[in-house]
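Engineer:
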Amino acid sequence: MRQIPKSEIETLTEAFAKDGSHFDAGCDESDVEKYRAKCHELMPSKHVCIVKNWTWWDIETSEQDQNHFNSNSLYPALIKADCVIEDEACRFANGDWVRTSYLVNFSDNCIFETNNTVYLLVGSGNRKTVELDAAMSFF
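Positions 1 to 139 (UniProt numbering) are the ones given, in order, by the sequence shown.
1) What residue range is occupied by the uninterrupted alpha helix (DSSP H) comprising residue 35?
2) Return the Cβ separation of residue 112 and residue 103 in integer angstroms, given the expectation that the two are a contact with Cβ distance under 8 Å.
3) Cα separation between residue 100 and residue 87?
4) Taking only three categories from DSSP, how would you classify residue 63?
5) Quick check on residue 107: does DSSP put it in helix, strand or coil?
6) DSSP three-state label for residue 69, please.
7) Can you give the Cα-Cα distance for residue 199 and residue 68, rounded to whole angstroms?
8) Rounded to a whole number of angstroms, what is the C-alpha to C-alpha distance between residue 129 and residue 109?
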């Protein structure tokens, strides 16, 4: 069995266990249906996944990685949410956690769009910078 270096454990702990800074984004729970309707209007081909207890991860990237993101019209950001409220695609059960794929567009201070899904962020969350390897380590 491979022994994991202490620095790698610390990096993973920082990514998954530390809160980060308060990030004042996300919609009020009473506005979920309004924003769900907006998601379907603007992106009718994508399922909506509604999440709370979320953290926005800004991914540290090398210049080469950043060029890859730019050439694919992506931003190096993910959401890690500790609680799925509802997933229209039925991939996740209520209460599951989820990590998104990379950001395509962020709008209305609560709609986080990826290539395949629209994540509706409910309530305020946290934001922090995470190393790319740490973000991808469990997935």
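Glycine included, C-beta positions come from ideal geometry on N, C-alpha and C.
Since the model is a prediction, treat every value here as computed from it, not as a measurement.
Structural biologist: Per the coordinate set shown:
1) 32 to 42
2) 6 Å
3) 12 Å
4) helix
5) strand
6) helix
7) Since the first residue shown for the chain is 1 and the last is 139, residue 199 is missing from the structure and cannot be characterised.
8) 19 Å
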